[in-house]
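*Asks:* Just passing along the structure, written as structure tokens.
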Amino acid sequence: MSQSEKIYVAGHRGMVGSAIVRTLLDQGVLPGQIVTRTHAELDLIDQRAVDAFFAEEKPTQVYLAAAKVGGIHANNTYPADFIYQNLMLQANVIHAAHVHGVQKLLFLGSSCIYPKLAPQPMAEDALLTGKLEPTNEPYAVAKIAGIKLCESYSRQYGRDYRSVMPTNLYGPGDNYHPENSHVIPALLRRFHEAKEKGLPEVAIWGTGTPRREFLYVDDMAAASVFVMNLSSPVYEAQVQPQLSHINVGYGEDVTIAELAQTVAEVVGYSGRITFDSSKPDGAPRKLMDSGRLNALEWKAKVGLAQGLRVAYQDLQGGLSA
């Protein structure tokens, strides 16, 4: 990458954004080429502040990894926050990037953009073909809007604004909040606390039968940089007008029951695992079709057990800090 590039990573303190920064540095980008701002320094929901930031810093590339995220409980409890904050920050960053001449931008979406009952594995052309999962519909609508913003600025103004749709992510820097986190960090914390307290049983939400695919966050970051750096002809050969996003997955899924057992083994918890079927399951299956990305000779490297061990070390470090 040219040393003339100036790269803004929005959301650099989050799990994905911090992994993108690590990946860029590992690939030879100089620290001075990477621009970041904390939420206290720049509120991405403030349109004037975002515009002033772009006017001052003049980045040449943008990774839009900032988002308000959470699991089923958080999405159910704060739907207005999820749709409003994500819509606003996406629109502000993407529009300001265009106004201030940024030609290359990568938007990070989510697998929840696809219909609840989309054919499995979910291909890019499943977008907008059916009803979304109700528990996270507001968040999904915001992410779909982000994809369409990137498409629209590319179509109307000739920008090179791309979108990648990751499957469920986990790894260092995750949110381990006991109620508002995603399934892997929530399970890691619950099994860790159960082990520490000597609890005989851990109850998991749902039936345990839904299948989910999980991708280690540094694999996602590597894929993001890979997609950003593809030449336009190569990238455009894998996408189409009004279908500009590309999936990023691990390629295999597991049941929630299998996931819980693997997490328990990584943590060292030996008690019983039960399932509370009165709680929602979410979509029955969410496996991404990553064929387009794999055809470009990119594949994930970190297996689930290996990644969970690193994530558990991260949780332990955070709890002891």
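Residue 445, in the working numbering, is where the sequence shown stops; the numbers in between run on with no holes. For each residue, glycine too, the CB sits at the ideal point set by N, CA and C. Model, not experiment: these values are computed from the prediction.
#1: Can you find the residues in the same chain that come closer than 6 Å, C-beta to C-beta, to Q362, ignoring five residues on each side of it along the sequence?
#2: Is the beta carbon of P290 closer than 7 Å to that of Y300?
#3: What residue range is occupied by the uninterrupted alpha helix (DSSP H) comprising Q430?
#4: Do K240 and W329 come within 7 Å of each other at the CB atom, strictly closer than that value?
#5: Okay, do the stretch 314 to 327 and the stretch 261 to 271 touch, 3+ Cβ pairs below 8 Å being the bar?
#6: Could you spell out where the beta strand (DSSP E) holding E336 opens and where it closes?
#7: Measuring straight from C-alpha to C-alpha, what distance separates S414 and S401?
#8: Starting from A310 and walking both ways along the alpha helix (DSSP H), at which residues does that stretch end?
#9: Quick one: grab the DSSP three-state call for I268.
#10: From A215 to R409, what distance separates their C-alpha atoms?
#11: Can you give the Cα-Cα distance for S356 and D284, rounded to whole angstroms?
#12: Is the beta carbon of S235 closer than 7 Å to that of M412?
#13: In whole angstroms, what separates the C-alpha of P243 from that of G254?
#14: If you measure between the beta carbons of E248 and N371, is that distance less than 7 Å?
#15: Across which residues does DSSP place D284 in a beta bridge pair?
#16: In the DSSP assignment, find the unbroken beta strand (DSSP E) run with L132 in it and report its ends.
#17: Where F350 and V358 are concerned, what is the direct C-alpha to C-alpha distance, given to the nearest angstrom?
#18: Mind checking which residues open and close the alpha helix (DSSP H) that includes L293?
#19: So, helix, strand or coil for L188, using DSSP?
#20: Between T184 and the rest of its own chain, which residues show a CB-CB distance below 8 Å, the 5 nearest in sequence each way excluded?
#21: Closer than 6 Å by C-beta to Y340: which residues in its own chain qualify, once you throw out the five before and the five after it? Chain order, please.
*Replies:* Let me spell this out:
#1: Residue numbering aside, residue 362 sits at position 238 when the sequence shown is read from its first letter. Counting only Cβ-Cβ distances below 6 Å, and skipping sequence neighbours, we find R416.
#2: Mapped onto the sequence shown, residue 300 falls at position 176. Mapped onto the sequence shown, residue 290 falls at position 166. For Y300 and P290, no; Cβs fall outside 7 Å.
#3: Locating residue 430 in the sequence shown gives position 306, where the first residue counts as 1. Start and end: 428 to 444.
#4: In the sequence shown, counting from the first residue as 1, residue 329 sits at position 205. In the sequence shown, counting from the first residue as 1, residue 240 sits at position 116. Remark: C-beta atoms of W329 and K240 do not approach each other more closely than 7 Å.
#5: Because the criterion of three Cβ pairs below 8 Å is not met, the stretch 314 to 327 and the stretch 261 to 271 do not touch.
#6: Numbered from its first residue, the sequence shown carries residue 336 at position 212. The sequence given here places Arg at residue 336; Glu does not occur at that position. Segment 335 to 340, the beta strand (DSSP E) holding R336.
#7: As a first step, residue 414 must be located in the sequence shown, where it is residue number 290. As a first step, residue 401 must be located in the sequence shown, where it is residue number 277. Roughly 31 Å separates the two Cα atoms.
#8: Numbered from 1 along the sequence shown, position 186 holds the residue referred to as residue 310. A310 -> alpha helix (DSSP H) spans 307 to 321.
#9: Locating residue 268 in the sequence shown gives position 144, where the first residue counts as 1. Residue state, collapsed to three classes: helix.
#10: Numbered from its first residue, the sequence shown carries residue 215 at position 91. Numbered from its first residue, the sequence shown carries residue 409 at position 285. So the alpha carbons of these two residues sit roughly 30 Å apart.
#11: Reading the sequence shown from its first residue, position 232 is the one you call residue 356. Reading the sequence shown from its first residue, position 160 is the one you call residue 284. Computed Cα separation, rounded: 8 Å.
#12: The residue you call residue 412 lines up with position 288 of the sequence shown. The residue you call residue 235 lines up with position 111 of the sequence shown. Against a cut-off of 7 Å, the Cβ pair of S235 and M412 comes out as a contact.
#13: As a working note, residue 243 is residue 119 in the sequence shown. As a working note, residue 254 is residue 130 in the sequence shown. Their backbone Cα atoms lie some 10 Å apart in a straight line.
#14: In the sequence shown, the residue the question calls residue 248 occupies position 124. In the sequence shown, the residue the question calls residue 371 occupies position 247. Contact: yes.
#15: Counting from 1 along the sequence shown, the entry for residue 284 is found at position 160. K228, per the DSSP bridge assignment.
#16: For this step, residue 132 is matched to residue 8 along the sequence shown. Correcting the residue type first, residue 132 is Tyr in the shown sequence and not Leu. Per DSSP, Y132 belongs to the beta strand (DSSP E) from 131 to 134.
#17: If you number the sequence shown from 1, residue 350 lands on position 226. If you number the sequence shown from 1, residue 358 lands on position 234. Near 12 Å, if we compare the C-alpha coordinates of V358 and F350.
#18: Residue numbering aside, residue 293 sits at position 169 when the sequence shown is read from its first letter. That residue, L293, is in no alpha helix (DSSP H); its beta strand (DSSP E) goes 292 to 294.
#19: The residue you call residue 188 lines up with position 64 of the sequence shown. Strand, per DSSP.
#20: Taking the sequence shown and counting its residues from 1, the one referred to as residue 184 is at position 60. Contacts found: S128, E129, K130, I131, V226, Q227, K228.
#21: Translated into the one-based positions of the sequence shown, residue 340 becomes position 216. Same-chain partners within the cutoff: G295, V426, G431.
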